[in-house]
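For the sequence shown, the numbering used here gives the first residue as 954, with consecutive numbering after it. Just so you know, even glycine gets a beta-carbon here, dropped at the ideal spot from N, CA and C.
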Amino acid sequence: LAVTASLLAFAALGQLRGPARVYRVGVIAFVAGSLACALAHSLPLLIAARAFQGLGASAIMAISPAILREIFPRAQLGHALGLNALVVATSSAAGPTLGGLILAVLPWPWLFAINVPFGLANIALNRALPPDDERRPGWLDFPSVLTSALGIALTVWGLDGFARQEPPWSIALRLLVGLSSTAYFVRRQFTLPQPMIALDLFRAPTFAFAGATSFASFVAQGLAFVALPFFFQVALGRTPLESGLLLTAWPLAVAVVAPFSGRLSDRVPVGILATTGLTVFTAGLALYATLPQNPTAVRIVLDGIICGLGFGFFQSPNNRDLIGSAPREKSASAGGLLAVIRVGGQTGGVALVAIVFGLFGASVAAGGATAHGAVTHAAPVVLSLACAFAALATLISALRLRTLYTSSGSVEFPRSRR
954 LAVTASLLAF AALGQLRGPA RVYRVGVIAF VAGSLACALA HSLPLLIAAR
1004 AFQGLGASAI MAISPAILRE IFPRAQLGHA LGLNALVVAT SSAAGPTLGG
1054 LILAVLPWPW LFAINVPFGL ANIALNRALP PDDERRPGWL DFPSVLTSAL
1104 GIALTVWGLD GFARQEPPWS IALRLLVGLS STAYFVRRQF TLPQPMIALD
1154 LFRAPTFAFA GATSFASFVA QGLAFVALPF FFQVALGRTP LESGLLLTAW
1204 PLAVAVVAPF SGRLSDRVPV GILATTGLTV FTAGLALYAT LPQNPTAVRI
1254 VLDGIICGLG FGFFQSPNNR DLIGSAPREK SASAGGLLAV IRVGGQTGGV
1304 ALVAIVFGLF GASVAAGGAT AHGAVTHAAP VVLSLACAFA ALATLISALR
1354 LRTLYTSSGS VEFPRSRR
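Structure (C-alpha cells):
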C-alpha cells in the first residue's frame, strides 16, 4: 500500500524538484527502511519499517523511466528500456531462489539486510546521474496528493479483499471511497493551472493506446502468476521449490528477449513489435489453459518460455511508446502513470483470480480433496480469462497501427486547450 499510494506523488515531486534528486532520496529511504526491517524486534516496528521501505521503493519505481528518458536520446530509448526490462526480469527470476537460499542458512532478518550492500552500491553509482534542471516553481497540491493516495490505496485494498474473502460490505465500502477519491483527483487535475500529474498525456493516441495495452496485458500476467502456483502445488502436487523453478522459465525468457526487442523498437514501428509479442503471449496462455491432466515438466516450461518470449517482445517497445510519446518535461508524469497502470493491472488480475476461485468454492486453506478439485477446475478458467485479456491487449495494440504519424515519424502530441 505504501508503494502504490505514493507513486503519483513522487512522480509529481520529480517534475518539480528533478528526477535525480527524488531518485537519490528514494534509494536512501529504501536502504534505511531495509536496515530498519532487519533490526525490528516487534511486528508493529516491522510494519512501520516496511511502510518506510515501500516509500523509498515507490520513489525509485516512479522516477526510473524519467531518468532513462533524461540519459538516453529518443533514438536509443527503446534500447535503454530493454536493458531495464532485462534487469527487472533477471531480478524477478533470481529473487525467490535467493530468498530460499538465505532462509536455508540464515535467519529471516537477512532477507532485508541483503538489500543494504546493494543499496549502498546504488548510492555510490548514482553520483553519475546527470544534474537536474533548475527547480520549477510551485509546491505539491495537497488535496491532489491526498485524494490520489486514498484513491489508489483504497481501491487496491478493496480488490485485495476479494483474495482474502473479506465481507462484501467491507470490500464495497473501500472500493466506493477509493473510486470516488480517484474521480475527484482526476477532475481536480483538469481545473488546476499546474496539475500534479499531466493527465492530458492520455489525449495523445500513442500514450493512450500504450497505456490501455499495458493495463490489459498486466491483468493477464497477474491472473497467470497467481493461478499457476496454486495449480502446480494443489492440482499437480508439485513442491513449492518445483513450482518456483517451473515458473522461472517465464521471467528468464523475458530477460533474454527484452533487450533485443527494445533495441529493435528504435528502428521498427512499435505497433508491429508489440502486437507480434502479444500474439505470442496470447498463444502461450492458451497453451497453459489447455494443459493436460498430468503435464510433463517439459511442457510446462515450454509454455512458460512462450509466454515470456511474447511478453518480453511486447513490453520494452510498448514502454518506449508510452514514455517516448510524452514531452520531456512530462516524463516524470509518464513514468508515474506507467507504474500505476502496471500495479493496477496486476492487482485487478489478483482480484479476478479470487473471484473465480471463490465461485468454484476453492478455499485452498481448507486443503484436502475439496481444494484439489476446486483448483483443478478453477485454474483453467482463470488461465482462459488471462488469455482473453491478452487477446484484448493484442487488439488494442493492433489499433495503434492506424495512428497518424508526423513527417518526422513520431506521433504528434496534441496541443493543450489551455
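Nearest by alpha-carbon distance to residue i: which of the options is it?
{"i": "LEU1036", "options": "ARG1216, LEU996, ASN1075 and VAL1223", "result": "ARG1216"}
{"i": "TRP1092", "options": "ALA962, TRP1061 and LEU1205", "result": "ALA962"}
{"i": "ALA1350", "options": "ASP1274, GLY1298 and THR1300", "result": "Checking the sequence, you will find Ser at residue 1350 rather than Ala. Checking every option, the nearest Cα to that of SER1350 belongs to ASP1274."}
{"i": "ALA1399", "options": "SER1011, LEU1152 and SER1123", "result": "The structure shown has nothing for residue 1399, since the chain only spans 954 to 1371."}
{"i": "LEU1200", "options": "HIS1330, PRO1212, PHE1213 and PHE1184", "result": "PHE1184"}
{"i": "LEU1205", "options": "LEU999, ASN1272 and ALA1038", "result": "ALA1038"}
{"i": "VAL1179", "options": "LEU1231, LEU1336, ALA1202 and LEU1030", "result": "LEU1336"}
{"i": "PRO1026", "options": "ASP1219, LEU1194 and GLN1147", "result": "ASP1219"}
{"i": "ILE1150", "options": "THR1249, PRO1083, ALA965 and SER1170", "result": "ALA965"}
{"i": "ARG974", "options": "ARG1191, ARG1080, LEU998 and GLN1029", "result": "ARG1080"}
{"i": "GLU1282", "options": "ALA1307, LEU1154 and SER1269", "result": "LEU1154"}
{"i": "THR941", "options": "ALA1074, PRO1222, GLY1257 and ASN1247", "result": "Residue 941 is absent from the model: the chain starts at 954 and stops at 1371."}
{"i": "GLY1111", "options": "ARG1117, GLN1118, LEU1231 and ILE1124", "result": "ILE1124"}
{"i": "CYS1379", "options": "GLN1029, THR1249, ALA1242 and PRO1248", "result": "Lying before the first or after the last residue shown, residue 1379 is absent from the chain, which here runs from 954 to 1371."}
{"i": "THR1229", "options": "LEU998, PHE1267, PRO1245 and GLY1301", "result": "PHE1267"}
{"i": "ALA1343", "options": "ARG977, GLY1302 and ILE1000", "result": "GLY1302"}
{"i": "ARG1117", "options": "GLY1311, LEU1354, ARG977 and LEU1348", "result": "GLY1311"}
{"i": "ALA1074", "options": "VAL1306, VAL1233, SER1269 and ARG977", "result": "ARG977"}
Is residue i helix, strand or coil by DSSP?
{"i": "GLN1246", "result": "coil"}
{"i": "SER1101", "result": "helix"}
{"i": "TRP1061", "result": "coil"}
{"i": "ASP1153", "result": "helix"}
{"i": "PRO1367", "result": "Annotation note: pLDDT 39 at PRO1367 (below 50); position unreliable, no value reported."}
{"i": "ALA993", "result": "coil"}
{"i": "SER1170", "result": "helix"}
{"i": "GLY1190", "result": "coil"}
{"i": "GLN1006", "result": "helix"}
{"i": "ILE1020", "result": "helix"}
{"i": "TRP1092", "result": "coil"}
{"i": "LEU969", "result": "helix"}
{"i": "THR1144", "result": "coil"}
{"i": "ARG1220", "result": "coil"}
{"i": "LEU1255", "result": "helix"}
{"i": "ILE981", "result": "helix"}
{"i": "PRO1158", "result": "helix"}
Which same chain residues, not among the five before or five after residue i, have their C-beta less than 8 angstroms away from its C-beta?
{"i": "ALA1106", "result": "LEU954, THR957, ALA958 and GLY1131"}
{"i": "SER1284", "result": "PRO972, PRO1018, ALA1019, ARG1022, GLU1023 and ILE1276"}
{"i": "ALA960", "result": "Before going on, a small fix: residue 960 reads as Leu here, not Ala. Hits under 8 angstroms: SER1011, MET1014, ALA1015, ILE1105, GLY1289, ALA1292, VAL1293 and VAL1296."}
{"i": "ALA1332", "result": "ALA1180, LEU1181, PHE1183, PHE1184 and ALA1188"}
Is residue i near the ligand FMN, in the sense that its beta carbon is under 7 angstroms from a heavy atom of that ligand?
{"i": "GLN1186", "result": "As presented, the structure is devoid of all ligands, the ligand FMN included, so that no description of it is given."}
I'd like the list of long-range same chain contacts for residue i, defined as Cβ closer than 6 angstroms, with 5 residues on each side in sequence excluded.
{"i": "SER1278", "result": "ALA1157, THR1159, PHE1160 and VAL1364"}
{"i": "GLY1009", "result": "GLY979, ALA982, PHE983 and GLY986"}
{"i": "GLN968", "result": "ALA1285"}
{"i": "PHE1171", "result": "ARG1295, GLY1298 and GLN1299"}
Leaving out five residues before and five after residue i in sequence, what residues of the same chain have Cβ atoms less than 7 angstroms from its Cβ?
{"i": "PRO1212", "result": "GLY1035, LEU1036 and LEU1039"}
{"i": "LEU1352", "result": "PHE1162"}
Complete runs of the alpha helix (DSSP H) confined to the stretch 1276-1357 [at least 4 residues]:
1284-1312 and 1321-1352
Would you check if the stretch 1237-1257 and the stretch 1126-1136 touch, i.e. whether three or more CB-CB distances between them fall below 8 angstroms?
no
Does the stretch 1061-1079 come into contact with the stretch 987-1007, if we say contact requires no fewer than three beta-carbon pairs (one atom in each stretch) closer than 8 angstroms?
yes
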